[in-house]
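In the UniProt record's numbering, the protein residues as written are 1 to 103.
Accompanying notes for the structure given below.
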């Protein structure tokens, strides 16, 4: 029985060492290709997702403002405040609110 254990150690130890060395070599190659850690990569991905949502929200906000400024009601309101007629004075804005005009 002792001879079997000795043979297993003599053969198994170099095989296990070779496998460990190959695994370590592969891990080093992986680390060279991926310079950032998985934790840092996860944080970067979360930040990217947040910034994409923020960008979309701001884009929608700008489109909303462009709609307001390009509307005929805005032109009328702007003209009435910039060039009021002398007999009427500044005109009041239309009855509908800005939110109703956008809907």
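Beta carbons are placed, not taken as given, at the ideal position from N, Cα and C, and that holds for glycine.
| task | Please classify residue 34: does DSSP put it in a helix, a strand, or coil? | result | Three-state result, residue 34: coil.
| In angstroms, rounded to a whole number, what distance separates the CA positions of residue 44 and residue 24? | 27 Å
| Are the Cβ atoms of residue 32 and residue 41 separated by less than 9 Å? | Contact: no.
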